[in-house]
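Peer 1: Residue numbers (the numbering used here): 4 to 78. Quick reminder that beta carbons are idealized off the backbone N, C-alpha and C, glycines included.
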Ligand SMILES: [Zn+2]
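(1) Taking the C-alpha atoms as reference points, what is the distance between residue 6 and residue 70?
(2) Taking three-plus beta-carbon pairs below 8 Å as touching, is the stretch 47-63 in contact with the stretch 6-17?
(3) Figure out for me which residue from 41, 56, 60 has the closest Cα to the Cα of residue 24.
(4) How many angstroms separate the CA atom of residue 26 from the CA atom of residue 61?
(5) Any heavy atom of ligand 1 within a distance shorter than 7 Å of the CB on residue 14?
(6) Among the candidates 67, 59, 65, 68, whose CA atom is the shortest distance from the CA of residue 17?
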């Protein structure tokens, strides 16, 4: 995945964002396979993507997301 750089339009010090990632999980299910409880998240199948919405976790503003010149760093 190419790197991304997200920035809050209201305050550049806001450095946490909410966006979508796809993961696989172990579930407890009933006999028909209906979800009852999540036990664990096993792996990330698709991480954050530049094409998804990114929202500032501090103030809720829609973030400005651009392709970065450096690879995305895992935290
Ligand atoms: Zn913000």
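Peer 2: If we stick to the structure as given:
(1) Translated into the one-based positions of the chain shown, residue 6 becomes position 3. Translated into the one-based positions of the chain shown, residue 70 becomes position 67. Taking the straight line from one Cα to the other gives about 6 Å.
(2) Yes: the two stretches touch, three or more of their Cβ pairs being nearer than 8 Å.
(3) Residue 24 sits at position 21 when you count from the first residue of the chain shown. It is 56.
(4) Counted from its first residue, the chain shown places residue 26 at position 23. Counted from its first residue, the chain shown places residue 61 at position 58. Distance between the alpha carbons of residue 26 and residue 61: 24 Å.
(5) Taking the chain shown and counting its residues from 1, one reaches residue 14 at position 11. Yes; taking the cut-off as 7 Å, the Cβ of residue 14 has a heavy atom of ligand 1 nearer than that.
(6) Here residue 17 refers to the residue found at position 14 of the chain shown. Taking only the C-alpha atoms, the option nearest residue 17 is 59.
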